[in-house]
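In my numbering, the protein residues as written are 438 to 713. Quick notes on the structure that follows.
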C-alpha cells in the first residue's frame with residue numbers, strides 16, 4: 438500500500454467495501470444521480486444557517502442562540518423544518534455500497550427528522566424584551582377566546598423532556614455524519630483508487646478533505662456536549678450572548694456540505710482520472 442498517506446488521508450482497504458466494485462463507476466447513471474443529490478444536500482446544508490441569519494436580519498428578528506431555535510420564528514421556522522427534512526429524506530433514501538452504510542444513513546435520516554419535528558426548548562432570544570415567535574399554548578374557545586401557557590408553564594416546550602429527545606437526535610445525526618466522513622468516505626477501493634501499488638492523487642486529496650471535515654464535525658459535537666454538561670449558568674449566559682452554539686452548528690453543517698460537495702465530484706481537481 439502507498440506511503441503517501443497520513444492520519445487525515447488514510448482509509449481502510451478491508452472494511453465496508455462495495456459489494457461489486459466497478460472499474461469505471463463514473464460511467465454509471467446511478468452514480469451520476471447520486472452525485473447530483475450529494476451536491477443538492479450539500480447546498481442545503483451550506484445555505485441553511487445563511488438563510489436563518491439573513492431572514493432574521495430582514496425581519497428585524499433576534500439572532501437566536503442556535504439554528505434549532507429558529508423553529509420558533511414565524512416564517513423561518515417552516516423553512517428550517519423543510520430544509521432539515523430534505524436532508525433527512527436524502528439520508529433515508531441514500532443507497533450506499535454496503536449494508537452498514539445504508540443502515541447508518543437511515544438512522545441518521547430519522548435523526549434529522551426528529552430534530553425537525555421535536556424542537557429544542559427555550560426561545561433563544563433571552564436578550565430581547567419582545568419579538569415575534571411561534572409558541573405552544575392551550576386555546577380555549579370563547580366568548581371570549583383566550584389562550585394560556587401549556588401545563589408546564591412554558592410557551593417554548595412541546596412536551597416535557599422534548600429537549601432531551603432533540604439533543605439525542607441531533608447527536609445521532611452529527612456523530613454519524615462525522616463517522617461517515619472518516620470511515621465510509623475515506624475507504625479505499627483498490628480497483629478504483631490504487632494504481633501501480635500507490636493511492637491515486639485525487640483520492641488522497643479527497644481523503645484529506647473528508648478527514649478534515651469528519652474531525653471538525655466530531656470536534657464540534659464534543660465541544661457542544663462539554664458546554665452543555667460541564668459548564669455553569671453564568672458561562673452559558675455568556676455563551677448564548679455570542680450565539681456560539683449557532684456558530685459551531687454552522688461549522689458542522691459547512692463541514693458536512695464540503696464533504697458532500699467533494700463526494701459529488703464538484704471539484705475537478707479532486708476527481709479521479711479516466712481509467713487506462
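Backbone N, C-alpha and C define an ideal beta-carbon position, used for all residues, glycine too.
ask   = Under 8 Å between the Cβ atoms of residue 607 and residue 650?
value = no
- Relative to the alpha-carbon of residue 468, which residue among 701, 710, 705 and 708 has its alpha-carbon at the smallest distance? 701
Is it true that the CB of residue 595 sits closer than 8 Å to the CB of residue 446?
no
Quick check: the segment 569 to 577 against the segment 492 to 509, are there 3 or more CB pairs under 8 Å?
yes
Check your understanding: Hey, residue 485 and residue 690: beta-carbon distance below 8 Å or not?
Key -> Result yes, Cβ atoms of residue 485 and residue 690 sit closer than 8 Å.
(request) Let me know the secondary structure DSSP gives residue 581 once reduced to three states. (result) coil
Compute the Euclidean distance between the alpha carbons of residue 581 and residue 692, then round it to the nearest angstrom. 52 Å
Quiz item: With burial defined as no fewer than 16 other Cβ atoms inside 10 Å of the residue's Cβ, what is the status of residue 558: buried or exposed?
Solution: So residue 558 ends up on the buried side.
Exercise for the section: Compare the beta carbon distance of residue 655 and residue 615 with 8 Å and say whether it is the shorter of the two. Expected result: Their beta carbons are under 8 Å apart, which means residue 655 touches residue 615 by this criterion.
Thinking C-alpha only, which one of 648, 565, 481 and 627 is nearest residue 524?
The option with the nearest alpha carbon to residue 524 is 481.
Using CA coordinates, which residue listed in 478, 642 and 597 is at the minimum distance from residue 521?
-> 478
Skipping 5 residues on each side, what residues in its chain have a beta carbon closer than 6 Å to that of residue 551?
Only 606 meet the Cβ criterion.
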